[in-house]
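I have placed the structure first, in the form of structure tokens, so that the comments after it can refer back to it.
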Amino acid sequence: MSTTYPATLADWLARIEACHPNEIDLGLERIGKVAARLPADLNGSIKIVVGGTNGKGSTTTMLDQILRQAGLSSATFTSPHFLRYNERICINGEEVSDQALCDAFSAIEQARGDISLTYFEYGALAALVLFTAAKPDVVILEVGLGGRLDAVNLVDADISIVTTIALDHTEWLGPDRESIGREKAGIFRAGKPALCGDIDPPASLLKVAGDLGAGLLLRQKDYSAELDTVQPGHVQTWQWQGLSSLGEQLTLTDLPRPVLPLVNAATVLQAIQFLPFTISEAAIRNGLESARMTGRMQRLEVQGRHFILDVAHNPEAAAYLAQSLSTEPAQITHLIIGMLADKDIDQVLALLQSSVCDWYPVTLNVGRGARSDDLVNRLSNLQVDAATIHGHDSVESAIRQVLERTQEGGRVVIAGSFFTVADALKTLKQTS
839 MSTTYPATLA DWLARIEACH PNEIDLGLER IGKVAARLPA DLNGSIKIVV
889 GGTNGKGSTT TMLDQILRQA GLSSATFTSP HFLRYNERIC INGEEVSDQA
939 LCDAFSAIEQ ARGDISLTYF EYGALAALVL FTAAKPDVVI LEVGLGGRLD
989 AVNLVDADIS IVTTIALDHT EWLGPDRESI GREKAGIFRA GKPALCGDID
1039 PPASLLKVAG DLGAGLLLRQ KDYSAELDTV QPGHVQTWQW QGLSSLGEQL
1089 TLTDLPRPVL PLVNAATVLQ AIQFLPFTIS EAAIRNGLES ARMTGRMQRL
1139 EVQGRHFILD VAHNPEAAAY LAQSLSTEPA QITHLIIGML ADKDIDQVLA
1189 LLQSSVCDWY PVTLNVGRGA RSDDLVNRLS NLQVDAATIH GHDSVESAIR
1239 QVLERTQEGG RVVIAGSFFT VADALKTLKQ TS
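Per my numbering, the very first residue in the sequence shown carries number 839; after that it's consecutive.
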């Protein structure tokens, strides 16, 4: 008896979203059984797995850009997406087609039998199927949640990266940094390079690496980045120090400062030292300069206003956003913020408070979304002047008001969640 599968990607996404009763169901047993029935073999590619609380996306982006500048083929699996599901799976910088995704989902559906898979697991398997067929030189896989039990950890990484370890997703990963560090270190492999960009890694992460015999390198201990003194009329540059694959000291100087976080660039440059390819300094420079990301310090100009979009959905990311804003010329800042209710909302708002003049808290109309009136109350508890708070029931409504209230040249920051930024991108595209 033949089975009829969806004809469009939209229909497939609706189907896979309804396939499993839980949005998150950590564990490798179910997905491992399905993967074993698929053409999902990445042994022809070098595999880099990127985990961590913040910085996974920027690390992946800079790695991908440098590799392609060096003339290598690369593939990336990231999440979540902003406007199109296809953003999650890219080969040589290009999103895979709807048809390719539909074909991959069909193969997964035939292979899974009665095994249920989550939405994320379908995507991870689709990436493995498509990358197996494409055979890129390097595959970069971004962990969805945690590490040890995440679907991406089906893959034995040749190089593992943990960017930072902070309190987030505690209901799944544990209540403290030690618990979370242990989960994130689950992507390390025996005898393979493992990098950690957190300058204060939890003891649990160090122990996992030691027990495994992974070759762990730490930022500020084994490799580092340092900004150069800015000379009048000169562009900001930086220097990197690290180790070769043989343990020799290396230094790169006068590097262009990337738009994305410098701390992650330092980890990227260390990671590429372990690749079995020759990557020129020119490729590194060009890759750093060209690396841009949707929703991470993304700048758009709409109706003469300067918009900065940054997901900043937890305290560590909010602190980075606030620090970045503080380095720019003093300016009245209008903030549109929408958050998920299970995030540390109070701490995020407190960290951004010194950078913001006018607040536009919005309701996120998704299952875990916080309501604008809750954000308003929390801002009031922080002693924010009520006259500077303008609550809205949607991102679109907030953008329309901020355009009315500001003049050309005004700065508007949109932050708090991937959902917030995704809604903003849709609205700004229609408004510009």
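C-beta atoms are modelled at their ideal positions from N, C-alpha and C, and glycine is treated no differently.
- Comparing C-alpha distances from Pro1040 to each of Arg1015, Arg1123, Asp996 shows the shortest one belongs to Arg1015.
- Around the beta carbon of Asp1261, 16 or more other beta carbons lie within 10 angstroms, which makes this residue buried.
- Look at the beta carbons and you see the stretch 1065 to 1084 not touching the stretch 1023 to 1030: under three pairs across the two are nearer than 8 Å.
- Restricting attention to Gly870, Leu1098, Leu905, Gly1229, the CA atom closest to the CA of Ile929 is found in Leu905.
- Scanning Gly1254, Ile1175, Val1186 for the CA closest to the CA of Ser1235 turns up Ile1175.
- Taken in chain order, the unbroken stretches of alpha helix (DSSP H) that lie wholly in the stretch 917 to 1000 and span 4 residues or more are 936 to 950, 957 to 972.
- Residue Asn1219 holds the alpha-carbon nearest to the alpha-carbon of Leu1187 among Leu1202, Asn1219, Ser1162.
- The criterion of a C-beta distance shorter than 8 Å is not satisfied by Met1131 and Gly931.
- CA-to-CA, the gap between Ala848 and Asp952 works out to about 23 Å.
- For Glu1064, DSSP records a beta bridge to Gln1077.
- Going by C-alpha positions, Leu851 is about 15 Å away from Thr842.
- The beta carbons of Ala964 and Leu939 sit about 6 Å from each other, so the pair counts as a contact at 8 Å.
- With the rule of 3 Cβ pairs closer than 8 Å, the stretch 1139 to 1147 counts as touching the stretch 1241 to 1260.
- Here DSSP, grouped into helix, strand and coil, assigns Thr1269 to helix.
- Comparing alpha carbon positions, the residue from Ser1255, Trp1010, Leu1263, Gly1019 closest to Ala1004 is Gly1019.
- Within the DSSP bridge table, the entry for Val1204 names no partner.
- Beta-bridge partners of Glu1139 (DSSP): His1144.
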